[in-house]
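Undergrad: What follows is a single structure, and I will ask about it in a moment.
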Amino acid sequence: MDFARLRSDEVAPEKGAARLAAMLRGARDAVVFTGAGISTESGIPDFRSPGGIWTQMAPIDFRDFVSSPEMRKEAWRRRFAMEEMFARARPNPGHAAIAALVARGIVSHVITQNIDNLHQVSGVPADQVIELHGNSRYAKCLDCGERVELEPIRLHFEAEGEPPDCAACGGLLKTATISFGQAMPEAEMERAERAARACDFFLVLGSSLVVYPAAGFPPLAKRNGARLAIVNREPTDQDGIADLVLHDEIGPVLSRAVGLMDSDF
8 MDFARLRSDE VAPEKGAARL AAMLRGARDA VVFTGAGIST ESGIPDFRSP GGIWTQMAPI
68 DFRDFVSSPE MRKEAWRRRF AMEEMFARAR PNPGHAAIAA LVARGIVSHV ITQNIDNLHQ
128 VSGVPADQVI ELHGNSRYAK CLDCGERVEL EPIRLHFEAE GEPPDCAACG GLLKTATISF
188 GQAMPEAEME RAERAARACD FFLVLGSSLV VYPAAGFPPL AKRNGARLAI VNREPTDQDG
248 IADLVLHDEI GPVLSRAVGL MDSDF
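Sequence positions in the sequence shown follow our numbering and run 8 to 272.
Okay, structure coming up:
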């Protein structure tokens, strides 16, 4: 099939889904890269967009978290205030379609900028999810790396008005997310780079592709010979290098593409 570069305004939505299905069907090792756009379809607001969480309250810098007990209290207060939102969020059809592609062996890795754990809940094995910005569903000790579940931290915080220290070493506990001013996780970045270099199809879903170094992975894959497709509601700066661009909702278009993969079209 001819994979000439296409834009969503050049082709009917059903034809765009069919073209995406053909690209997936022809892939030997596909990598999916997800951003906030897939999570907003599950009811989790975009942190960065106008009207998003960070326009309502400034993010807490990692250095302030480490140096200030008051900032640590505020960080945990915010996290527990958002618990209901995270708890009620469920994987949407886009997550389910990705999980189906992983189960079929078409997608080897899911690289995500999201922190909501929804790929794992949808059925993608945890060892195939590469979380560039961490995970909000548990905490880690900044000193020894011990994983700590949130519920005992919440109970201590509500009883004492401050978070507990790490039971293993007495260090600071923080949600296992990457904050402003905090170094990107080396192991995950290395895994993502290897996956981007090795794949033959790189599919971006719901990322504006403006946050680096994460946004460097699609062009890296492209330079190493992979086809590149982008599905995002708004244009991105990388649309010009993509083989397929669909400005559409992720769940409907990806679900349709997966459904068409076994069809003759």
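Virtual Cβ for every residue (Gly too), placed ideally from N, Cα, C.
Predicted model, so just to flag it, every value in this text is computed and none were measured.
#1: Nearest-angstrom Cα distance between H254 and K80?
#2: Quick check on R144: does DSSP put it in helix, strand or coil?
#3: Which of helix, strand or coil does DSSP assign to R204?
#4: Skipping 5 residues on each side, what residues in its chain have a beta carbon closer than 6 Å to that of G42?
#5: Does the Cβ of P159 have 16 or more other Cβ atoms within 10 Å, making it buried, or fewer, making it exposed?
#6: Hey, I105 and V131: beta-carbon distance below 8 Å or not?
#7: Residue range of the alpha helix (DSSP H) that A104 falls in?
#8: Nearest to G232 by alpha carbon, out of V211, A205, D269 and M78?
#9: Given G168, which residues of its chain have a CB within under 8 Å of its CB, disregarding the five upstream and five downstream residues?
#10: Between the segment 137 to 147 and the segment 115 to 129, can you find at least three pairs of beta-carbon atoms closer than 8 Å?
#11: Inspect the beta-carbon positions of N239 and V218 and report whether they are closer than 8 Å.
#12: Taking only the alpha-carbon atoms, compute the straight-line gap between D71 and M78 and give it to the nearest angstrom.
#13: Using the beta-carbon count (16 or more within 10 Å), is S181 buried or exposed?
#14: How would you call M92, buried or exposed, if buried means at least 16 neighbouring beta carbons within 10 angstroms?
#15: To the nearest angstrom, how far is the alpha carbon of A175 from that of R154?
#16: Flag this pair as yes or no: are the beta carbons of I257 and E48 separated by less than 8 Å?
#17: Using the three-state DSSP reduction, which class does V131 fall into: helix, strand or coil?
#18: Note the first and the last residue of the continuous beta strand (DSSP E) segment covering F69.
#19: Going by C-alpha to C-alpha distance, which of V109, L149 and G223 sits closest to E197?
#20: In terms of alpha-carbon separation, which member of R95, A107 and D250 lies closest to L261?
#21: Taking 6 Å as the limit between beta carbons, can you name the residues of its chain near R86, skipping five residues before and five after?
TA: On the basis of the supplied data:
#1: 40 Å
#2: strand
#3: helix
#4: Q120, G213 and S214
#5: exposed
#6: yes
#7: P100 to A110
#8: A205
#9: K80
#10: yes
#11: no
#12: 6 Å
#13: The residue asked about is misnamed: residue 181 is Lys in this sequence, not Ser. It is buried - the Cβ of K181 has at least 16 other Cβ atoms within 10 Å.
#14: exposed
#15: 10 Å
#16: yes
#17: coil
#18: Premise fails: F69 lies in the alpha helix (DSSP H), F69 to S74, not in any beta strand (DSSP E).
#19: G223
#20: A107
#21: T182
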